[in-house]
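Below is one structure; the comments refer to it alone.
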Amino acid sequence: MLTEISTTRRLLVSCAVLLFGLPAAAIDAGKAFDDPALQARYEKLIEEVRCLKCQNQNIRDSNAFLASDLRREIRRMLAEGMSDDEIFDFLVTRYGEFALYRPRMQGKTLVLWLAPLLLLVAGTGVLVAILRRRMSMPIDDDEALDNTVAGRD
Amino acid sequence: MTRYLVPIGLFALLLPVFIVGLTRDPSELPSPFLNNPAPEFALPSLTDPGSEVGSADYAGEFALVNVWATWCVGCREEHGFLMELAQSGAIPVYGINWRDNRPDALNWLDRLGDPYVFSAFDADGRVGIDWGVYGAPETFLLDPSGIVLHKHLGPLDYQIWQRDFAPLLGSAEAAR
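Going down the list, the protein sequences come from chains A and B.
FYI, the numbering for the first sequence is 200 to 352, going by this note's numbering.
FYI, the numbering for the second sequence is 24 to 199, going by this note's numbering.
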């Protein structure tokens, strides 16, 4: 009986290890930098760069070899002391603004940044207009109500 | 009735946007190199590891640069057409053997024929990144000054060549 439980438990643990361990094994193991500040920058950078081959993943989560190549290049550039902006420039000149999950605000990408704001303003405008009209409608006026109903097609 | 005209009008305005959006392939990214100089490179030759090949070799002529690999199904698909193209003499074809291993790549050229003036051996994908390559096969058409006239993603065939490449080659040559 005792051995049975431990076998089940062992099986469960093995399954858990397999389930949660596999993704970790797919991506580069261990830390890239000993310096915690560099490591933090590295982790932030690879979260912000799109894997061009597997477009809805960033290069941190992807094990496509293009993603691992890009991680290697980013490690190299960090080790060479390049700034985040220089690294983003490197990627954008090669792959275009699409490579960045947060495209920088400039000419072409302005519409991306402003569209949500414009839509919000337009939506609020429509909402206010509808509310105003409803509020100006008579509430307890049966005649007006009848007229409204009658006026419908 | 007029109250319905506004949403219908808005929808009519949006319709072309949807149609264009549906027919476009989101995996095809515009190359930032289009109409700009292609990156320079120098790499060991695939067939002759001791010698170096690169962008200097095709300076001053029209060139087709094809990024290929033996693990790439689309490359197998387009190989026959590349052979025909190279034999026709329309344009010299240069290869960048991307993220591949040498014995496999040599075996491939041996079995299927070698359409390339040379194949540069980009084992670790550095030059691929410089060219903004994200999936083989990719094919770049360069003019004699090294400007990228066109980039094609995916297997090349006669129809695509006639439609996208030949006119550019013709008009650029006529302009010279």
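Think of the CB as a built atom: it goes at the ideal place given N, C-alpha and C, for glycine as much as any other residue.
Keep in mind it's a predicted model, so treat the numbers as computed, not measured.
- Here residue 207 of chain A is exposed. Its C-beta has fewer than 16 other C-beta atoms within 10 Å.
- Rounded to whole angstroms, residue 118 of chain B and residue 289 of chain A show a C-alpha spacing of 24 Å.
- Within 8 Å of the CB of residue 294 of chain A, the CB atoms of chain B belong to 52, 55, 155 and 157, in sequence order along the chain.
- Residue 332 of chain A carries a helical assignment under DSSP once its states are collapsed to helix, strand and coil.
- Under the Cβ distance rule, residue 265 of chain A counts among the residues neighbouring chain B, one pair being separated by less than 8 Å.
- In this structure residue 250 of chain A is buried. Its beta-carbon is surrounded by 16 or more other beta-carbon atoms within 10 angstroms.
- Residue state for residue 307 of chain A is assigned as helix, using DSSP reduced to three classes.
- For residue 170 of chain B, DSSP records a beta bridge to B:60.
- Here residue 111 of chain B has no same chain residue with a Cβ atom under 7 Å from its own Cβ, once five neighbours each way along the sequence are excluded.
- Residues of the segment 143 to 154 of chain B with a C-beta less than 8 Å from any C-beta of chain A: 147, 148, 149, 151, 152, 153 and 154, listed in chain order.
- Using a Cβ-Cβ cut-off of 8 Å, residue 233 of chain A does not count as an interface residue toward chain B, since no Cβ of chain B sits closer than that to its own.
- Listed as beta-bridge partners of residue 117 of chain B by DSSP are B:88.
- Under a criterion of Cβ atoms nearer than 8 Å, the residues of chain A adjacent to residue 49 of chain B are, in order, 254.
- Beta-bridge partners assigned by DSSP to residue 102 of chain B: none are found.
- Against chain B, the beta carbon of residue 297 of chain A has neighbours under 9 Å at 52 and 53, listed in chain order.
- Contact of residue 122 of chain B with chain A is assigned, a C-beta pair being separated by under 8 Å.
- For residue 150 of chain B, the uninterrupted alpha helix (DSSP H) run begins and ends at 149 to 153, by DSSP.
- Within the same chain, no Cβ atom closer than 6 Å to the Cβ of residue 146 of chain B is found once the five residues on either side in sequence are excluded.
- Residue 291 of chain A: member of the alpha helix (DSSP H) spanning 283 to 294, first to last residue.
- The secondary-structure analysis by DSSP pairs residue 162 of chain B across a beta bridge with B:89 and B:175.
- In this structure, residue 69 of chain B lies near residue 143 of chain B, with their beta-carbon atoms less than 8 Å apart.
- Residues of chain B whose Cβ lies closer than 8 Å to the Cβ of residue 272 of chain A are, in chain order, 149 and 152.
- Two segments are said to touch when three or more pairs of C-beta atoms, one from each, lie closer than 8 Å; by this definition the segment 121 to 130 of chain B touches the segment 55 to 72 of chain B.
- Against chain B, a Cβ distance below 8 Å from residue 326 of chain A picks out nothing, because the smallest value is about 15 Å.
- Using a CB distance cut-off of 8 Å, residue 283 of chain A does not count as an interface residue toward chain B.
- One thing to note: residue 140 of chain B has its Cβ no nearer than 8 Å to the Cβ of residue 171 of chain B.
- Beta-bridge partners of residue 143 of chain B (DSSP): B:68 and B:119.
- Taking a cut-off of 8 Å on C-beta distances, the segment 291 to 303 of chain A touches the segment 40 to 54 of chain B, as three or more cross pairs fall below it.
- Rounded to the nearest angstrom, the gap between the Cα atoms of residue 77 of chain B and residue 150 of chain B is 10 Å.
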